[in-house]
Amino acid sequence: MKVVSGQTTTCHWTEYQTGNQCCPKCLPGSRVETDCTEFWSTSCLSCLEGTYMNKPTGRRTCFICRTCDEGSGLKMKSSCTTTSDTVCEPLEGFYCVDPSDNGCESAEKHTTCKPGQCISKRGTASTDSVCSDCSDGSFSDGTFPSCRPHTQCGTKNLQLLKPGTTSTDAECGEHSLNKTIIWISVSLSVLLIVILAAVVFILFFNILSNRKQIRRQRPWWFEQQQVRQQSILHSNCLSYLCDVFTVQKVFFF
3 MKVVSGQTTT
13 CHWTEYQTGN
23 QCCPKCLPGS
33 RVETDCTEFW
43 STSCLSCLEG
53 TYMNKPTGRR
63 TCFICRTCDE
73 GSGLKMKSSC
83 TTTSDTVCEP
93 LEGFYCVDPS
103 DNGCESAEKH
113 TTCKPGQCIS
123 KRGTASTDSV
133 CSDCSDGSFS
143 DGTFPSCRPH
153 TQCGTKNLQL
163 LKPGTTSTDA
173 ECGEHSLNKT
183 IIWISVSLSV
193 LLIVILAAVV
203 FILFFNILSN
213 RKQIRRQRPW
223 WFEQQQVRQQ
233 SILHSNCLSY
243 LCDVFTVQKV
253 FFF
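So the sequence shown is numbered by our numbering: it starts at 3 and just counts up by one.
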């Protein structure tokens, strides 16, 4: 303990003044419980959870740890300890607008480029996005890093259906003449298939009709004669088979 005498005397930076005496400061991560006396040094206590002290101090309370508020566009970069405060940084898609020695105090969302603009410079944690307007003959929906040229329909043998703007591409399509030719070709093909199917059906129907008509025109005795001929042929075949069997039997036995 050092006794202060007079107004010009100051305590060392490692000490703090209380009344007319200088006491040793508590180390980072702790606070003063009781001041020093003639016989005792300063009594210190560690900071409680959720509080910190980042330098030697003569305070009786530690600082409260800060919270990173998402509503302010912040997230935690490093958590609080007894010797250091919480460090905050901008959320993804945000940039810091109030930097400090201990991180960032508040952040704002990156500027969103409008249709007809491109993102000429993407935003970072410390800078905002930069948008640029598209020139004639190019377009962007607001998310492109650069404006894109309009599609040239003529180079693809297509016709222009809708001109492009600074926010939309040109729309191309088949030439109307090509569409007409394709439609006529398909129609003729379908018609030809239908005609062929009809012809085949008519021919088949006529053949069946002719067969039935021929059967009706035969005399009544024609059927009986066919039956007799088939019976005679059957008998001759059986006789021939019997003769062959007899010859084979004599020859082998």
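Ideal Cβ placement from N, Cα and C applies to all residues, glycine included.
Gly156 classed as buried or exposed, judged by whether at least 16 other C-beta atoms fall within 10 angstroms: exposed
Helix, strand or coil at Gly105 according to DSSP, with G and I counted as helix: strand
Could you pull the DSSP bridge partners for Lys111 from this structure? Phe96
DSSP three-state call for Ser137: helix, strand or coil? coil
Limits of the beta strand (DSSP E) - the one that Glu40 falls within: Here Glu40 belongs to no beta strand (DSSP E), and DSSP marks it neither H nor E.
Straight-line Cα distance separating Gly60 from Lys44: Here residue 44 turns out to be Thr, not Lys, going by the sequence shown. So the two alpha carbons sit approximately 9 Å from each other.
Under the three-state DSSP convention, the category Arg62 falls into: coil
For Thr129 and Tyr97, which I take to be in contact (beta-carbon distance under 8 Å), what is that distance rounded to the nearest angstrom? 6 Å
So what's Leu29 in DSSP terms, helix, strand or just coil? coil
If we ignore side chains and look at the alpha-carbon of each, how far apart do Asp37 and Ser74 end up? 40 Å
Please specify which runs of the beta strand (DSSP E), each continuous and at least 3 residues long, are wholly inside the region 147-206, giving them in chain order. 161-164 and 173-175
Reference Met55, options Met78, Thr88 and Phe41, closest by Cα: Thr88
Rank Leu194, Ser48 and Leu76 by C-alpha distance to the C-alpha of Thr84 and give the top, closest one. Ser48
Leu190 vs Cys174 beta-carbon contact at 8 Å: no
Based on the DSSP output, what are the partners of Thr53 in its beta bridges? Ile66
What does Leu47 pair with, by DSSP beta-bridge criteria? Arg33
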